[in-house]
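Note sheet for the following structure.
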Amino acid sequence: MHLVPIKGLARGGEAKRLMEELAVHFKMLIRARQLRINTLKEIYPDNKNVMGMYKPASERIGAYIFIRLRSSVNKKQFLDRDTLRETMLHEMCHAYNLDHGDSYRRNLSRMRFELEVYCNCSGDGEKSKKDEADKKDDEKDKKKDKKKDDKDKKDDKKDDKKDKKKDDKKGKREDKKGKRDDKKYMKNKKKDDKTDKK
Ligand SMILES: [Zn+2]
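The numbers in UniProt numbering rise by one with no breaks, and the one at position 115 of the sequence shown is 115.
Right, here's the structure in full:
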């Protein structure tokens with residue numbers, strides 16, 4: 001997949017990095033679904049509701065995905081990753097349906113689920129980095145434990161349980177935030193669809 005940021009815009013390097021991150025995030029899904037995506041290209045449309053576009057693949061050349069990376073009010077400010085990933089998924093789903101009908105929406109939620117599964121297994125740079133850090137922490141803890149007696153070990157286990165509960169709660173909060181962002185996105189999309197019809 002070719003990654004093409006807008007030439008001559010400030011912070012082009014960061015734009016490229018964000019696109020690389022997106023490519024990694026979606027790699028497994030693209031492969032599993034055998035999607036032919038030739039290029040991911042940055043756009044900055046005047047219409048602030050336009051988040052992305054999809055140009056279907058021809059026989060010879062794979063599809064183009066156009067994506068807005070930057071805020072409509074400030075070119076130097078990038079959109080958050082959840083929004084970018086949602087745009088990417090939205091446009092990718094147009095490989096199957098160009099409209100936003102029932103079939104499109106069903107497929108979108110299926111793809112979202114598949115993506116979640118892949119990102120929990122591997123393929124997500126951010127996540128694997130976090131896992132590595134967690135592993136290192138675990139190893140440190142183990143070394144400490146060896147020096148301590150059994151009673152301390154029991155205490156550690158209790159603490160682990162507490163931490164796990166905390167992590168679970170945090171995960172849930174993040175899920176909720178994701179859903180809110182989805183709603184926001186769909187709202188904008190609906191607005192967009194209305195303006196299209198006019
Ligand atoms: Zn669309």
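Don't be surprised by glycine CBs; every beta carbon is placed ideally from N, CA and C. Note that the structure is predicted; figures quoted are calculated from it, not measured.
Distance from the CA atom of residue 118 to the CA atom of residue 8, rounded to whole angstroms, is 35 Å. For residue 52, the three-state secondary structure derived from DSSP is strand. Between the alpha carbons of residue 104 and residue 90 lies a distance of about 9 Å.
The Cβ neighbour count for residue 85, taken over all protein chains shown within 10 Å, is at least 16; the residue is labelled buried. Residue 4 carries a strand assignment under DSSP once its states are collapsed to helix, strand and coil.
In the displayed model, residue 43 falls within a strand according to three-state DSSP.
In the DSSP assignment, no residue is bridged to residue 30.
Nearest neighbour of residue 55 by Cα position, chosen from 3, 45, 41, turns out to be 41. Around the Cβ of residue 67, a 10 Å sphere holds 16 or more other Cβ atoms; the residue is buried.
At a Cβ-Cβ threshold of 7 Å, residue 87 and residue 51 count as neighbours. Here residue 39 is near residue 2, since their CB atoms are less than 7 Å apart. Of the residues assessed, residue 45 falls on the exposed side of the cut-off, its CB having fewer than 16 other CB atoms within 10 angstroms.
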